[in-house]
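To start, the structure itself, in structure tokens.
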Amino acid sequence: MQKGNSYILLDERWKLEDFSILTKEYMQLYGFFYALRSVESNQLSQLEFERMPWLGGGSVVGFFSIMGKLVPPESKPEVKQIQYASPGFIELTLISDVAKDIGIIVSSICASIASIAGTYNLIYSQYQKRKLTQLKIKDLEVKQLREEIIFVQKSIKQLQEGFSLTSSQVQSLHKISKGDELVQLKMLLALYGRAKPIAELQANNKANFKNA
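Quick note: to get my numbering, add 1035 to the position in the sequence shown (first position is 1).
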């Protein structure tokens, strides 16, 4: 993967917590998409998160933590230049394709922010109501819970489309989850939680990732 420069355009008045959101969530998204590209190019042979229980919220936090650790020091984003004005920018040196991946999901959510939020809220409420947090897809198959399995498959498709994920990214998620569709749903729900705050910065004209 090639390194290059990426520009995040800044505008409007920023609060200190805006920079906190940008730093924390951007780095988690960066680790996620870096891992997907690494899986796609067969650069990762043994993935620690394959052995994760994926039961409850702790696994989600651990998943993104592991994703971040998979990024080698030389591939982590570095701030090259910051100009805070109206407009201003942050110039980063990083893996260019990963920056583009982040720009795509952020812009996709931003373009239909209310619609995607509605989709997410509906899926998540049903996910909780069906008590899927402590289960894996094999549990549904053993119990022959066909309605729940269909719900999981449909929800995955809706989120993949809403996030504008490519077929390669979908395949990488399939490999990471070892084909467990319920684990994939948990990954996508968690991904939305990290991408939404960044998309809101763009929706509020505070940052623009479209040309990152």
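Virtual Cβ for every residue (Gly too), placed ideally from N, Cα, C. Computed from a predicted model, the values in this text were never measured in an experiment.
Per-residue burial, residue i [other beta carbons within 10 Å of its own, 16 or more giving buried]
i	result
residue 1175	buried
residue 1073	buried
residue 1043	buried
residue 1039	exposed
residue 1246	exposed
residue 1061	buried
residue 1214	exposed
DSSP beta-bridge partners of residue i
i	result
residue 1225	DSSP output for residue 1225 lists no bridge partner at all.
residue 1243	1044
Simplified DSSP state of residue i, which is helix, strand or coil
i	result
residue 1116	strand
residue 1038	strand
residue 1078	coil
residue 1192	helix
residue 1106	coil
residue 1215	coil
residue 1202	helix
residue 1050	coil
residue 1111	coil
Exercise. So, do the stretch 1226-1240 and the stretch 1047-1066 have three or more beta carbon pairs nearer to each other than 8 Å?
Worked result: yes
Exercise. Are three or more beta carbon pairs between the stretch 1159-1172 and the stretch 1185-1196 nearer than 8 Å?
Worked result: Here the stretch 1159-1172 makes contact with the stretch 1185-1196; the two share three or more CB pairs at distances below 8 Å.
Exercise. Can you give, in chain order, each stretch of the beta strand (DSSP E) that sits fully within the stretch 1119-1181 and has at least 3 residues?
Worked result: Annotation: the stretch 1119-1181 contains the following complete segments of the beta strand (DSSP E) (minimum length 3 residues), in chain order: 1123-1130.
For this session: Evaluate contact between the stretch 1129-1149 and the stretch 1177-1185, counting only Cβ atoms and requiring at least three cross-stretch pairs below 8 Å.
Result: no
Exercise. How do the stretch 1218-1225 and the stretch 1043-1053 stand: do at least 3 beta-carbon pairs fall below 8 Å, yes or no?
Worked result: no
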